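As numbered in the UniProt record's numbering, residues 1 to 689 make up the sequence shown, in order. Just below is one structure, and these are the notes that go with it.
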Amino acid sequence: MMPHVDGVVALYDIQDKSSVEDLPETLNAITKTSIPTVLIANKCDTPLAQREIDPTSFEQAAKRNLGRVPSFQISDSNPEGHKRGLVTLLNAIVQVSQASPEEHQRSSSAHRRRAHSNAVRSLSPRIPSAGHSRASSEHTGFVDLRHARVDSSFPAYNQGDRLKVADDQMVSSFLLEESGSEPATLSSRSSFSGDQDRVPGSSPSSILAESGATFDELVDRLLDQPTSKADLKYTDIFLALYRNFAAPGKLLEAIVQRFDALEQNASPMIAKSASQLRYLHVLQKWVSGYPGDFAFPKTKRRLQTFATKLSDSRIFAAASREIGLAIDMIAADDDTDWACNDKDRYASGEFSRSSMSSTASTLLDDPEFNFDSALSGSTLYDDIPMDNLPKLANQQLLYVEQAQRVASGLHPIPRNPLTKIEWRNLMEKPDDLIVRELTRMDWIMFSSIRPRDLVRHVSLSREQKNGCRNLAHVNRMIEHFNQLACWVANYVLLRDKPKHRALMLEKFMRIARKLRELNNYNALGAIIAGVKSTSVHRLAQTRELLPPHVGKDWLKLEILMAPARSHFAYRLAWENSSTERIPYLPLHRRDLATAEEGNKTFIGDEKGVRINWRKFEIMGDVIVSLQRAQGVPYKNLGGLAGNKEIKELILDVKLIKDEEELYERSVACEPTANAASGSAAKFKEFFRR
Numbered sequence: 001m002m003p004h005v006d007g008v009v010a011l012y013d014i015q016d017k018s019s020v021e022d023l024p025e026t027l028n029a030i031t032k033t034s035i036p037t038v039l040i041a042n043k044c045d046t047p048l049a050q051r052e053i054d055p056t057s058f059e060q061a062a063k064r065n066l067g068r069v070p071s072f073q074i075s076d077s078n079p080e081g082h083k084r085g086l087v088t089l090l091n092a093i094v095q096v097s098q099a100s101p102e103e104h105q106r107s108s109s110a111h112r113r114r115a116h117s118n119a120v121r122s123l124s125p126r127i128p129s130a131g132h133s134r135a136s137s138e139h140t141g142f143v144d145l146r147h148a149r150v151d152s153s154f155p156a157y158n159q160g161d162r163l164k165v166a167d168d169q170m171v172s173s174f175l176l177e178e179s180g181s182e183p184a185t186l187s188s189r190s191s192f193s194g195d196q197d198r199v200p201g202s203s204p205s206s207i208l209a210e211s212g213a214t215f216d217e218l219v220d221r222l223l224d225q226p227t228s229k230a231d232l233k234y235t236d237i238f239l240a241l242y243r244n245f246a247a248p249g250k251l252l253e254a255i256v257q258r259f260d261a262l263e264q265n266a267s268p269m270i271a272k273s274a275s276q277l278r279y280l281h282v283l284q285k286w287v288s289g290y291p292g293d294f295a296f297p298k299t300k301r302r303l304q305t306f307a308t309k310l311s312d313s314r315i316f317a318a319a320s321r322e323i324g325l326a327i328d329m330i331a332a333d334d335d336t337d338w339a340c341n342d343k344d345r346y347a348s349g350e351f352s353r354s355s356m357s358s359t360a361s362t363l364l365d366d367p368e369f370n371f372d373s374a375l376s377g378s379t380l381y382d383d384i385p386m387d388n389l390p391k392l393a394n395q396q397l398l399y400v401e402q403a404q405r406v407a408s409g410l411h412p413i414p415r416n417p418l419t420k421i422e423w424r425n426l427m428e429k430p431d432d433l434i435v436r437e438l439t440r441m442d443w444i445m446f447s448s449i450r451p452r453d454l455v456r457h458v459s460l461s462r463e464q465k466n467g468c469r470n471l472a473h474v475n476r477m478i479e480h481f482n483q484l485a486c487w488v489a490n491y492v493l494l495r496d497k498p499k500h501r502a503l504m505l506e507k508f509m510r511i512a513r514k515l516r517e518l519n520n521y522n523a524l525g526a527i528i529a530g531v532k533s534t535s536v537h538r539l540a541q542t543r544e545l546l547p548p549h550v551g552k553d554w555l556k557l558e559i560l561m562a563p564a565r566s567h568f569a570y571r572l573a574w575e576n577s578s579t580e581r582i583p584y585l586p587l588h589r590r591d592l593a594t595a596e597e598g599n600k601t602f603i604g605d606e607k608g609v610r611i612n613w614r615k616f617e618i619m620g621d622v623i624v625s626l627q628r629a630q631g632v633p634y635k636n637l638g639g640l641a642g643n644k645e646i647k648e649l650i651l652d653v654k655l656i657k658d659e660e661e662l663y664e665r666s667v668a669c670e671p672t673a674n675a676a677s678g679s680a681a682k683f684k685e686f687f688r689r
């Protein structure tokens, strides 16, 4: 007896005529059974003189005799063609598996009336209810050959449902590669999480944002197959911000509940396994990115139990291994008791009211599971060296911890008085070296900040902030911004003669241009703030000595960082900076604060009924842009040590930070026409700018 057949790939070699000798009869028999089929021509980059088969003519002949069979041509110049073919085939298989029982029964009867050959019967030994016996005229898996190679879409799909195969999604983690059955861009219609009722042409994000969403709706979208960049961004947003409305244990239960529901589903194994692996991929990404969410003892134990039980399955063994390695990185941090947490959830008794099914519950809370013997120690994989841990579970977290340690040494130590010696040393240093050192310090500080740290920085009260250790990294970068602005003003105002002040001012303007070239918007904003401070901006005699081309270039930088139209120029530049970049942190922090303070978490009179997802979309856009920037590190900045001399000229000199004292020094350098001084003169000078 032939094994169960879900779909067929008809592959032939255009250099070998014998590869198609039996193909017409085989395709004829397969299409009569209504089994989803794709036709793939191999080695299509072969010169015409060496071809034994013309793939275009062969496809046209197949069209005339068999009807609509999707066809693809593969070559070295088109390496993704076979993946698109598999996407097309898998989508057709899932479509057939989701057909209603009545359709199966009708099409099965039609099939029995038409199919009489032994070949057809041997290729399709399934019972009618298996869902693979639809008439070829009804089957959604066949497309017109005229369009097969250009859009790979099915007649049952509208324009908005066409498959989009992204190259960056083809190579994912092992969780999607394990079964080889569901490419990362398979349509969300292949998901079994209840997405079939979505309105055609509508955006899931817009639907959830308009009237709010329930927790289950948000989880369903989290686990759906991503079909767009917005879906990929949604995962990052949800995992970063879900703690505002749900505890980690609740989300873990929701994922396991849906994982178990697929296990109990009668759908084809290939589709179930692909969806389950996708769920585990989300879980692994969550554990790796936010290990503190699982630091509560009960939650960590449940996750370990689930990961260990997965290891018994050959399909999920690799997923279990990677999740287990991520578990080894779990430790209590600021995330553990933040916002909605498992400690409060268990104390309130919400855990006992969980609505998980009995089978799903045993995956997390099996009373008969011998936890200690199954885990063989305190971790799942005690024998795995740290160097062999996967990137997400090891390198990313260790990189952040390393950046935090180095950043702790980048605080000002005012031990050397600012004299002409320091002034000359700074003037003699090449602009490129200064810019690299400024960028190195900013990058280390930026890398030490986790996205949730910024959320806590704008949402917690002062008393609550005192209990969050990692907020020190946010405060450090803010203080460093102010340090740079003050550093600029002090070095410019140190010298008495306008020509010396003009030399230093010109140097800072050149440094600002090079910072822009490195996309270091934070240091650029700090230098602009220092130059535009009242004490420096009023130095008219000094500005007159600047070269015209330097002044014109400086004006461009001012326009870039100007607050006009809500910093439109900077936002445009930030979005279009695809290489290394450091954000203008004050603006992004303000965006988060505005979204947090100006929007409610829940919509409706009763708390928790519907979640105001629009609020988290706005905050998420900020978070995701910062996460992506942190994922592209700078190179050739001098390593962790950097340039010690330049660092000392920035952090180890005694600076005047009082604005009144700086203004008095400015007036001493260039007295005003009426010789006024003090706060009144400073106030008037501000409005002359």
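Just so it is clear, CB atoms sit at the ideal spot from N, CA and C, and this is done for glycine as well. Since this is a predicted model, take the numbers as computed values, not measurements.
Neighbourhood of residue i by C-beta distance below 6 Å, restricted to the same chain and skipping five residues each side
| i | result |
| --- | --- |
| Ile528 | Met561 |
| Pro291 | Met329, Ile330 |
| Gln483 | Pro412 |
| Ser577 | Asn519 |
| Gly530 | Ala485, Val488, Ala489 |
Collapsed DSSP secondary structure at residue i in the structure displayed
| i | result |
| --- | --- |
| Ala41 | strand |
| Asn265 | coil |
| Ser75 | strand |
| Phe296 | coil |
| Leu518 | coil |
| Val9 | strand |
| Arg610 | strand |
| Ala213 | strand |
| Ile603 | strand |
| residue 695 | With the chain covering 1 to 689 only, the question about residue 695 has no answer from this structure. |
| Met356 | coil |
| Cys340 | coil |
| Leu640 | coil |
| Gly530 | helix |
| Gln50 | helix |
| Met329 | coil |
| Ser19 | helix |
| Pro36 | coil |
| His139 | Interpretation of His139 is limited by its pLDDT of 37, a score under 50 that renders its predicted location unreliable; the figure taken from the coordinates is listed afterwards. Coil at His139, not helix or strand. |
Own chain residues within Cβ distance below 8 Å of residue i, not counting five before or after
| i | result |
| --- | --- |
| Gln396 | Ser288, Gly289 |
| Thr601 | Asn244, Phe245, Ile611, Asn612, Lys615 |
| Leu310 | Leu280, Phe316, Ala317, Ala319, Ser320, Ile323 |
Residue burial classification, residue i (beta-carbon count within 10 angstroms, cutoff 16)
| i | result |
| --- | --- |
| Arg565 | exposed |
| Gly409 | exposed |
| Glu59 | buried |
| Ser348 | exposed |
| Ala326 | buried |
| Met441 | buried |
| Lys17 | exposed |
| residue 703 | Within the shown structure, residues of the chain are numbered from 1 to 689, placing residue 703 beyond reach of any answer. |
| Thr419 | exposed |
| Asp45 | exposed |
| Thr214 | exposed |
Residue i - partner residues in DSSP beta bridges
| i | result |
| --- | --- |
| Lys654 | Pro417 |
| Ile582 | Asn520 |
Cβ shell of residue i (< 7 Å), same chain only, five flanking positions each side left out
| i | result |
| --- | --- |
| Asn643 | Leu433, Glu437 |
| Leu66 | Leu27, Asn28, Thr31 |
| Gly249 | Thr299, Asp342, Arg345, Phe351 |
| Phe306 | Val256, Leu363, Leu364 |
| Leu592 | Leu454, Val455, Val458, Met619, Val622 |
Original post:
Do the stretch 487 to 499 and the stretch 428 to 443 make contact, defined as three or more Cβ pairs closer than 8 Å?
Top reply: They do not touch, by the three-pair rule.
Original post:
Between the stretch 537 to 546 and the stretch 641 to 652, do three or more beta carbon pairs fall short of 8 Å?
Top reply: No, the stretch 537 to 546 does not touch the stretch 641 to 652.
Original post:
Does the stretch 437 to 451 come close enough to the stretch 656 to 672 to have 3 or more Cβ pairs within less than 8 Å?
Top reply: Flag = no, the stretch 437 to 451 and the stretch 656 to 672 do not touch.
Original post:
Okay, do the stretch 316 to 328 and the stretch 273 to 284 touch, 3+ Cβ pairs below 8 Å being the bar?
Top reply: Touching, yes.
Original post:
Taking one C-beta from the stretch 466 to 480 and one from the stretch 495 to 515 each time, how about it: are there three or more such pairs within less than 8 Å?
Top reply: Touching, no.
Subject >> Contact the stretch 630 to 637 vs the stretch 452 to 462: 3+ CB pairs below 8 Å >> reply: In the pairwise beta carbon analysis, the stretch 630 to 637 is classified as not touching the stretch 452 to 462: fewer than three pairs are separated by under 8 Å.
**OP:** Check whether the stretch 355 to 362 touches the stretch 249 to 263, taking contact to mean three or more Cβ pairs, one atom from each stretch, closer than 8 Å.
**Re:** Touching, per the Cβ criterion.
Subject >> Inter-stretch contact at 8 Å, needing at least 3 Cβ pairs: the stretch 474 to 488 / the stretch 547 to 555 >> reply: These segments do not touch.
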